[in-house]
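Working notes, beginning with the structure itself.
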Amino acid sequence: MADQQAGLLLSREQGCLEEEEEEEEEEEEETDKLYVSRKMETTQHGMEMIKKEIHIEEEETVMQIEGEEKEQEIRKETNRNLLDTSSESPREKHISIQRTLADLEKLAGMKEHDMTSAVLQKTDPHVAGRKKLCPLCPEDRFKACYDHKLHRHLQNLHWKVSVEFEGYRMCICHLPCHPLKPNVAGDQISLKIGAHYHCIICSATVTRRTDMIGHVRRHVNKGETESRYSAAQAPKSTHEVLKEADTDIQVLPNYCTPEKTDSYFNPKMKLNRQLTVCALAVLVEERKPLECLDAFGATGIMGLQWAKHLGNSVKVTINDYNKNSVTMIHENCHLNKMKVVTSSKEEDDCNETVEEGEENFPTIEVTQMDANVIMHLRAFDFIHLDPFGSSVNYLDAAFRNVRNLGIVSVTSTDTSSLYAKAQHVAQRHYGCNIIRTEYYKELAARMVVAAVARAAARCNKGIEVLLAVALEHFVLVQVRVLRGPTPADDTVKKIQYLIHCQWCEERVFKREGNMIEENPYWQLPCDCYSSMTGKTAVELGPLWSGSLFNTGFLRRMLFEAVQYGLDDIQALLKTLICEAECTTHKQFLIHGPSSHNRQEECGVLIKTPDAAADYCIIHEKRKSNEMTQNGAKRQKLESNVEHPAFYYNIHRHSIKGMNMPKLNKFLLYLSQAGYRVSRTHFDPMGVRTDAPLEHFKSILTKYSKPTYVGGQSEGSVHASEDSQAGTQGEFTEENL
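Numbers in the numbering used here are just positions in the sequence shown, counted from 1, shifted up by 4.
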């Protein structure tokens, strides 16, 4: 029994142990499950953290790749933006052309307003402190740096040496846009990259800053201020509208400088234009309609004034060889509301509406060809030549087809050669030997007339000089054309040489003759050759020895100037009339009585009033015998009335230590001595007279008074002289 009880106890104990072991195993299994679940949770969380880190790294790499791609695109655009001047399509401006320094900094990524990039810079210090490259320098020249250093580099190197134009800055660029010539050193070839500027207008690359400034100025002078970049603002209009004699014209910048503009306009030539208008108005009274040519139109101001003043009485043709000038002439015709004809076809693209009262304006023909070509192709009644410089290259063509009794107007602006500053040029252009004299302006006018006469004679035509004016900056000559060999021979006979004494400045035209003279000095009225040793005179010319003015034509021009309200030239025309008549009387009754005189000019019978008020021109067809008779009568008349050649400057011949008389009083003294005398437009202090220089000086010495210095006696002498002058009524406004 005891054994049985012991066995039961052992079995119970074993059962309990087994139960405990099972419970422990269950607890261990539960702890293992918890551990595994916790471990799985921790591994999942770690995987998520790893994924986030990988995603951030991927975003950083993507940002870096995008930045590198942008930089590569910018560098590619720099090469693409090297503009081709032949193409006219708009393009984006080069990266070196910016408005502000901030815009230049944005190219380097210094000032990005993207929120994502700002968040990344805050979260990641590596992104915030990333180094950046200069957008205008290659990597081997300027390495990547931080913001503050890059800002200083852009400001000091690129921005300070930029060229400004229309609100833009053309910064200096060091990119491989403008490679220099390769340097060969042994077997190695090195290609240098030079610093340069990109032009905002024509896309050219210029190395030096001063050259770039001059390059831009040349664009502005030519009116080429419109940029080819689509990003550039449209520039303001560079055309300036001027008004002269009721005529509006558009001009380009630097319009007064012919070397810097295609459309030249000189405001100082206003007197020239008004004289030409008056001459054409006189010709219109003889026959109408007239075909007139402005061979060098430039802005077209001359032809537009002809059409404005004379209306349908003239058929105006404006010619110019420059395409830009022809475009400007078209615009000025539209600005003045006139129709334009090109190649005998009326232009249909005129957008200007013609108002009431303006439909009577004539149609202006605009041509683009060489002046010699158009004058060879067509015949004209009135031709005006006004080239820049000498006009001798166009005289043969002008006289080739000009109609009989027509007028050729020639303007020469080569004053350096005409006024004896460049004597070799005068010899080359005009074939004349000249020196600087006191009457150099009249010498220039006679030299131009001689060239015109020779050109007319080569075409079997003669000339009659109507007007020859030499002012400060131009010489204007207007001649009437006489067709036939006889007038041509008479014209050539008036081209003679001039003998000029270099000691006393006496002058005389050399007498005609084929025989060689042993001593031509006897023709001079002075005795300088006999009283001095060596040669004392020089031979100048050949020059025009005939008259420089036609009195009747000038009076008719004065009437036309009063009729059209051209006030600027009326005083000049009055001086020319007095100079042509060689008189000091200045009585010009523009609206005088109706008594008429008969006057003949170049075979045209003209019925004129005494005061040049109303003119009735009677055309008569000349016969051969009548022409010779009229020519002989006209030559006799001109020999009696023709004004004396050249003039004397009163200051040039003054006596040292003597006070000269007033100029008007001196003219009175010369006229009282029996000489013809007048003032001249060539020199404000000049005196035109037929008195010899010896008599001229004697009269000047006679009426000159010694210069007194201080003293009571001298004061009394002055007082007595003044009182005598007052009693005799010699004090005038000019003396006061």
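Glycine residues also receive a C-beta, built at the ideal position from the N, C-alpha and C atoms.
Problem set entry | Identity of the residues DSSP links to A763 by a beta bridge | Residue 763 lies beyond the stretch modelled for the chain, which goes from 5 to 740, so this question has no answer here.
Exercise. In this structure, does DSSP put N653 in helix, strand or coil?
Worked result: Within the sequence shown, the letter at position 649 stands for residue 653. Correct three-state label for N653: strand.
For this session: Look up Y398 in the DSSP assignment and say whether it is helix, strand or coil.
Result: The residue you call residue 398 lines up with position 394 of the sequence shown. Here DSSP, grouped into helix, strand and coil, assigns Y398 to helix.
Exercise. Would you call the CB atoms of H202 and T209 closer than 8 Å?
Worked result: Residue mapping note: residue 202 aligns to position 198 of the sequence shown, counting from 1. Residue mapping note: residue 209 aligns to position 205 of the sequence shown, counting from 1. In contact: H202 and T209 (Cβ atoms closer than 8 Å).
Problem set entry | Bridge partners - W163, DSSP secondary structure assignment | Translated into the one-based positions of the sequence shown, residue 163 becomes position 159. In DSSP, W163 forms no bridge with anything.
Problem set entry | Within 8 Å, strictly: CB atoms of L674 and F553 | For the purposes of this step, residue 674 is taken as residue 670 along the sequence shown, with counting starting at 1. For the purposes of this step, residue 553 is taken as residue 549 along the sequence shown, with counting starting at 1. No, they are not a contact pair.
For this session: Can you give me the Cβ contacts of Y568 inside the same chain, cut-off strictly under 8 Å, excluding the 5 residues immediately before and after it?
Result: The residue you call residue 568 lines up with position 564 of the sequence shown. Around Y568: V281, C282, A285 and H313.
For this session: Can you tell me the Cβ-Cβ gap for G315 and N336, rounded? I've got them flagged as a contact below 8 Å.
Result: Here residue 315 corresponds to residue number 311 of the sequence shown, with the count starting at 1. Here residue 336 corresponds to residue number 332 of the sequence shown, with the count starting at 1. Actually they are not in contact, since the Cβ atoms of G315 and N336 sit about 18 Å apart, beyond 8 Å.
For this session: Along the beta strand (DSSP E) that carries M306, what are the first and last residues, could you check?
Result: As a working mapping, residue 306 is identified with position 302 in the sequence shown. Where M306 is concerned, there is no enclosing beta strand (DSSP E), although the alpha helix (DSSP H) it sits in stretches over I305 to L314.
Exercise. For the alpha helix (DSSP H) that contains E244, what are its first and last residues?
Worked result: Residue numbering aside, residue 244 sits at position 240 when the sequence shown is read from its first letter. Where E244 is concerned, there is no enclosing alpha helix (DSSP H), although the beta strand (DSSP E) it sits in stretches over E244 to E248.
Problem set entry | Reference E109, options W163, D144 and E143, closest by Cα | Within the sequence shown, numbered from 1, the residue matching residue 109 stands at position 105. With respect to the C-alpha of E109, the residue from W163, D144 and E143 having the closest C-alpha is W163.
For this session: Spell out the partners DSSP gives S682 in its beta bridges.
Result: Taking the sequence shown and counting its residues from 1, the one referred to as residue 682 is at position 678. S682 pairs with R692.
Exercise. R560 to L399, Cα distance in whole Å?
Worked result: For the purposes of this step, residue 560 is taken as the residue at position 556 of the sequence shown. For the purposes of this step, residue 399 is taken as the residue at position 395 of the sequence shown. Answer to the nearest angstrom: the Cα atoms are 26 Å apart.
Exercise. Which two residues bound the contiguous beta strand (DSSP E) that contains I322?
Worked result: Position 318 of the sequence shown, counting from 1, holds the residue named residue 322. Per DSSP, I322 belongs to the beta strand (DSSP E) from V318 to N323.
Problem set entry | Counterpart residues of P710 in DSSP-defined beta bridges | Within the sequence shown, the letter at position 706 stands for residue 710. DSSP lists M662 as partners of P710.
Problem set entry | Which listed residue (V245, K97, R134 and D144) has its alpha carbon closest to that of S207 | For the purposes of this step, residue 207 is identified with residue 203 of the sequence shown, where counting begins at 1. The candidate whose alpha carbon is nearest that of S207 is K97.
Exercise. Helix, strand or coil: how does DSSP classify W507 here?
Worked result: Residue numbering aside, residue 507 sits at position 503 when the sequence shown is read from its first letter. Note: W507 maps to coil in three-state DSSP.
Exercise. Looking at L667 and I654, is the spacing between their C-beta atoms short of 8 Å?
Worked result: Translated into positions along the sequence shown, residue 654 becomes position 650. Translated into positions along the sequence shown, residue 667 becomes position 663. Taking 8 Å as the cut-off, the Cβ atoms of I654 and L667 count as close.
Exercise. What residues match up with W548 in a beta bridge as DSSP calls it?
Worked result: Within the sequence shown, numbered from 1, the residue matching residue 548 stands at position 544. For W548, the beta-bridge partners assigned by DSSP are I499.
Exercise. If you follow the beta strand (DSSP E) that T371 is part of, which residue opens it and which one closes it?
Worked result: Against the sequence shown, residue 371 aligns to sequence position 367. Its beta strand (DSSP E) spans residues I368 to T371.
Problem set entry | Cβ distance (whole Å) where F650 is taken to contact R511 below 8 Å | What you label residue 650 is simply residue 646 of the sequence shown in a count that begins at 1. What you label residue 511 is simply residue 507 of the sequence shown in a count that begins at 1. Right, the Cβ-Cβ distance comes to about 6 Å (below 8 Å), so this counts as a contact.
Problem set entry | Distance between V566 and H595 (C-alpha atoms, nearest Å) | Position 591 of the sequence shown, counting from 1, holds the residue named residue 595. Position 562 of the sequence shown, counting from 1, holds the residue named residue 566. Per-residue confidence for H595 stands at a pLDDT of 42, beneath the threshold of 50, marking its modelled position as unreliable; no derived number is given.
Problem set entry | Classification of R450 by the beta-carbon crowding that lies within 10 angstroms, buried from 16 upward | Residue 450 sits at position 446 when you count from the first residue of the sequence shown. Buried: at least 16 other Cβ atoms inside 10 Å.
Problem set entry | N- and C-terminal bounds of the beta strand (DSSP E) containing F146 | Taking the sequence shown and counting its residues from 1, one reaches residue 146 at position 142. Taken as a continuous stretch (DSSP letters only), F146 belongs to no beta strand (DSSP E), as it is neither H nor E.
For this session: Give the straight-line distance between the Cα atoms of H699 and H504, rounded to the nearest whole angstrom.
Result: Translated into positions along the sequence shown, residue 699 becomes position 695. Translated into positions along the sequence shown, residue 504 becomes position 500. One Cα belongs to H699, the other to H504, and the distance between them is close to 18 Å.
Exercise. Hey, S413 and L422: beta-carbon distance below 8 Å or not?
Worked result: Here residue 413 refers to the residue found at position 409 when the sequence shown is read from its first residue. Here residue 422 refers to the residue found at position 418 when the sequence shown is read from its first residue. No.
Exercise. DSSP three-state call for D572: helix, strand or coil?
Worked result: Counted from its first residue, the sequence shown places residue 572 at position 568. DSSP, read as helix, strand or coil, puts D572 in helix.
Exercise. So which of L558, M273, L486 and T705 has the shortest CA-CA distance to C582?
Worked result: Residue 582 sits at position 578 when you count from the first residue of the sequence shown. Ranking the options by Cα distance to C582, first place goes to L558.
For this session: Determine whether the Cβ of A283 lies closer than 8 Å to any Cβ atom of chain C.
Result: As a matter of chain content, chain C is missing from the structure shown, which is built from one protein chain.
Exercise. With respect to the alpha helix (DSSP H) encompassing M379, which residues constitute its N-terminal and C-terminal limits?
Worked result: Here residue 379 refers to the residue found at position 375 when the sequence shown is read from its first residue. Taken as a continuous stretch (DSSP letters only), the alpha helix (DSSP H) holding M379 covers A375 to L381.
Exercise. Is it true that the segment 326-336 meets the segment 257-273, where meeting means three or more beta-carbon pairs spaced less than 8 Å apart?
Worked result: Result yes; three or more Cβ-Cβ pairs closer than 8 Å.
For this session: Ignore the nearest five residues each way along the sequence and tell me which others in A448's own chain have a CB closer than 7 Å to its CB.
Result: Within the sequence shown, the letter at position 444 stands for residue 448. Counting only Cβ-Cβ distances below 7 Å, and skipping sequence neighbours, we find L422, Y423, A474 and V479.
Problem set entry | Own chain partners of V224 with C-beta closer than 7 Å, once the 5 adjacent residues on each side are dropped | Here residue 224 is taken as the residue at index 220 of the sequence shown, counted from 1. Around V224: P257.
Problem set entry | Cβ-based burial, G545 [other Cβ within 10 Å; buried from 16] | Position 541 of the sequence shown, counted from the first residue, corresponds to residue 545. Answer is buried; the Cβ neighbour count reaches 16.
For this session: Could you tell me which of Q574, C296 and I253 sits nearest to A2, measuring between CA atoms?
Result: This structure cannot speak to residue 2, because the chain is shown only from 5 to 740.
Exercise. Is M519 buried or exposed, if buried means 16 or more other CB atoms sit within 10 Å of its CB?
Worked result: Residue mapping note: residue 519 aligns to position 515 of the sequence shown, counting from 1. Flag for M519 reads exposed.
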